[in-house]
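Protein chains in written order, with this note's numbering: chain Y, 1 to 231; chain D, 1 to 231.
Note that the Cβ used here is the ideal one computed from N, Cα and C, for glycine as well.
Since the model is a prediction, treat every value here as computed from it, not as a measurement.
Protein chains: 2
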Amino acid sequence: MIKILAFDLFGTLVDTSSISKVFPERNISKINSKSFMETWQSKQLQYAWFLNSINKFEPFSDLSIRALKFTLKIHSIELNSDQIDRFREAQLQLDPFPDSKKGLEVLLKSKNNADYNNSRKLVILSNGESVKTDKLLSNISLRRYFDHIFSAEEVRKYKPAKELYILASERLNISVSEIALVSSNLWDIAGAQSAGMQTCWINRKDKKTNEELDIKADYVLSSIEDLKQIL
Amino acid sequence: MIKILAFDLFGTLVDTSSISKVFPERNISKINSKSFMETWQSKQLQYAWFLNSINKFEPFSDLSIRALKFTLKIHSIELNSDQIDRFREAQLQLDPFPDSKKGLEVLLKSKNNADYNNSRKLVILSNGESVKTDKLLSNISLRRYFDHIFSAEEVRKYKPAKELYILASERLNISVSEIALVSSNLWDIAGAQSAGMQTCWINRKDKKTNEELDIKADYVLSSIEDLKQIL
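Encoded structure:
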């Protein structure tokens with residue numbers, strides 16, 4: 001039985017590649033923006049897990065900017081600090097996937113239904129800072145679907161370290177096995193499984209970018225809208 | 001005082017990009033081999049630190065092949081299992097940097113000198129498996145310079161986790177502060193510093209690929225040959 005649906009944010013509810021909206025004015029459209037995004041996103045995770053490895057922590061938005069600076073260097077692009085700040089702002093304006101709002105709407109309705117188990121909650125479990133996550137979700141009108149935002153900064157460890165998954169269980173006073181993580185990121189599924197959660201892997205498309213990790217999620221769905229099927 | 005010089009292997013003593021020797025027969029020369037290597041190497045670290053984050057371990061050569069498969073997928077290259085095995089073999093035939101042997105030769109001579117403190121040792125501290133590290137070093141005639149090989153598999157944690165740096169100190173019965181890590185990888189320098197080691201960053205060239213990490217090594221040298229200056 002799933003009592004809590006815990007959603008990953010980046011790449012699961014919002015499309016991180018939509019930050020390329022700021023590329024035309026940044027001379028990045030001249031180069032391969034797909035390859036640029038791949039390097040940047042991969043480096044973000046690498047730095048997050050580097051910090052996990054040496055037991056240090058810094059806010060995800062700072063780490064993300066360092067990963068951006070590395071990526072710019074690799075792609076021989078020079079930006080001044082004002083231009084880099086525009087990237088920071090753009091991270092608060094990422095587009096939701098088309099199925100995110102529709103799916104969340106259905107889940108909210110079923111939750112508000114009178115004969116529904118009131119203990120069910122929708123929460124966010126993100127490596128991003130809670131203030132920024134709150135702002136991003138508000139900007140794109142998704143904030144109202146969620147009861148809580150749990151952020152890596154509270155435990156000073158990045159997913160897939162077990163601390164953040166466990167935190168949700170402790171704060172909500174629900175067994176970790178009654179929480180299902182919803183994520184498009186296989187490494188996140190792996191972390192949630194290690195921590196004892198149920199797992200729903202949202203696999204929208206692009207099998208090319210799926211990690212080469214030997215992981216089996218409890219549920220594999222192709223959209224947030226399909227989540228209603230498993231409840 | 002530096003009593004032990006602990007060398008990183010990949011990218012510090014051997015040139016990992018020399019694996020591109022196998023590229024012509026693999027159709028990889030058609031694509032950008034630099035970008036291919038960047039994705040592969042970055043993914044190797046990412047997977048290593050992913051495993052650190054969830055407290056799991058697998059041998060580096062297996063992890064490296066998974067990172068290779070991901071990289072092939074991203075670059076739309078199909079290889080059969082025989083061709084992938086050729087990559088495994090090629091990893092045991094990487095070229096040393098031109099200054100590696102010259103520098104190690106000088107250090108060995110100074111070590112064998114009669115008026116020299118006999119406690120000084122040269123060791124390897126690598127994320128690679130010890131058997132494979134031994135073989136690679138033998139294949140390129142570098143094995144004889146080293147008294148010990150310390151490998152991530154012994155502690156089941158990858159650098160920059162502190163366990164491997166500490167292991168060297170415990171096994172050699174030398175204070176961790178009397179060991180200097182020699183590495184071209186800034187993340188490795190960061191780990192060694194966190195564990196309490198002295199650090200020598202070998203920064204040969206290509207500042208473009210230097211990590212965006214705010215780290216100051218105790219010594220910054222441009223080749224292995226320059227190590228004699230700090231002893």
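Take residue i as the anchor and find which of the options has the nearest alpha-carbon.
i: Ile54 (chain D); options: Y:Thr199, Y:Ile202, Y:Lys159 and Y:Asn173; result: Y:Lys159
i: Phe10 (chain Y); options: Y:Met197, Y:Ser177, Y:Val155 and Y:Asn185; result: Y:Asn185
i: Ser61 (chain D); options: D:Ser183, D:Phe150 and D:Ser130; result: D:Ser130
i: Lys121 (chain Y); options: Y:Lys157, Y:Tyr145, Y:Thr133 and Y:Lys102; result: Y:Tyr145
i: Ser151 (chain D); options: D:Val182, D:Thr133 and D:Asn139; result: D:Thr133
i: Ile202 (chain Y); options: Y:Leu13, Y:Leu94, Y:Ile179 and Y:Leu92; result: Y:Leu13
i: Asn139 (chain D); options: D:Ser81, D:Leu94, D:Asp8 and D:Ser33; result: D:Leu94
i: Leu63 (chain Y); options: Y:Arg88, Y:Ile189 and Y:Gln83; result: Y:Arg88
i: Leu231 (chain Y); options: Y:Thr209, Y:Gly128 and Y:Leu108; result: Y:Leu108
i: Lys73 (chain Y); options: D:Ser110, D:Gln229 and D:Glu212; result: D:Glu212
i: Thr16 (chain D); options: D:Ala6, D:Lys3 and D:Thr39; result: D:Thr39
i: Met197 (chain D); options: D:Arg204, D:Lys205, D:Glu225 and D:Lys162; result: D:Lys162
i: Ile4 (chain D); options: D:Glu178, D:Lys228 and D:Val155; result: D:Glu178
i: Gly128 (chain D); options: D:Gln229, D:Gln44 and D:Gln83; result: D:Gln44
Quick check on residue i: buried or exposed, where buried means 16 or more other Cβ atoms within 10 Å of its Cβ?
i: Gln41 (chain D); result: buried
i: Asn173 (chain D); result: exposed
i: Pro24 (chain Y); result: exposed
i: Val220 (chain Y); result: exposed
i: Lys157 (chain Y); result: buried
i: Ala114 (chain D); result: Because the pLDDT at Ala114 (chain D) is just 44, under 50, the model does not fix this residue reliably, and the point stays unresolved.
i: Ser100 (chain D); result: buried
i: Ser81 (chain Y); result: exposed
i: Ser126 (chain Y); result: buried
i: Pro98 (chain D); result: exposed
i: Asp147 (chain Y); result: exposed
i: Glu153 (chain D); result: buried
i: Asp8 (chain D); result: buried
i: Asp85 (chain D); result: exposed
i: Asn52 (chain Y); result: buried
Under the three-state reduction of DSSP, which class applies to residue i: helix, strand or coil?
i: Leu9 (chain Y); result: coil
i: Lys69 (chain D); result: helix
i: Tyr165 (chain D); result: helix
i: Asp226 (chain Y); result: helix
i: Lys101 (chain Y); result: helix
i: Ile2 (chain D); result: coil
i: Gln198 (chain Y); result: strand
i: Ser175 (chain Y); result: coil
i: Asp218 (chain D); result: coil
i: Ile77 (chain Y); result: coil
i: Phe150 (chain D); result: strand
i: Leu142 (chain Y); result: coil
i: Ala114 (chain D); result: In this prediction, Ala114 (chain D) scores a pLDDT of 44, lower than 50, which makes its location untrustworthy; the coordinate-derived value is nonetheless stated afterwards. Ala114 (chain D) falls in the coil class under three-state DSSP.
i: Ser184 (chain Y); result: coil
i: Pro59 (chain Y); result: coil
i: Lys34 (chain D); result: helix
i: Lys205 (chain Y); result: coil
i: Pro96 (chain D); result: strand
i: Leu122 (chain Y); result: strand
List, in order along the chain, the chain Y residues whose C-beta lies closer than 9 Å to that of residue i?
i: Trp239 (chain D); result: Outside the shown range of chain D (1 to 231) lies residue 239 (chain D), about which nothing can therefore be said.
i: Arg66 (chain D); result: Glu211, Glu212, Leu213 and Asp214
Can you pull the chain Y neighbours of residue i, defined as C-beta to C-beta under 8 Å?
i: Gln46 (chain D); result: Ser42, Leu45, Gln46 and Trp49
i: Phe70 (chain D); result: Glu211 and Glu212
i: Ser151 (chain D); result: Correct list: empty, because the minimum Cβ distance to chain Y is about 16 Å.
i: Pro160 (chain D); result: Phe50, Ser53 and Ile54
Anything in chain D within Cβ reach of residue i, meaning under 8 Å, just list it in chain order.
i: Ala190 (chain Y); result: Phe50 and Ile54
Show which residues of chain Y have a CB atom less than 7 Å away from the CB atom of residue i.
i: Ser194 (chain D); result: Ile54
- Query: On the three-pair Cβ rule with 8 Å, is the region 180-199 of chain Y touching the region 215-228 of chain Y?
  - Reply: yes
- Message: Below 8 Å, how does it come out for the region 65-76 of chain D and the region 65-73 of chain Y: are there three or more Cβ pairs, yes or no?
- Response: no
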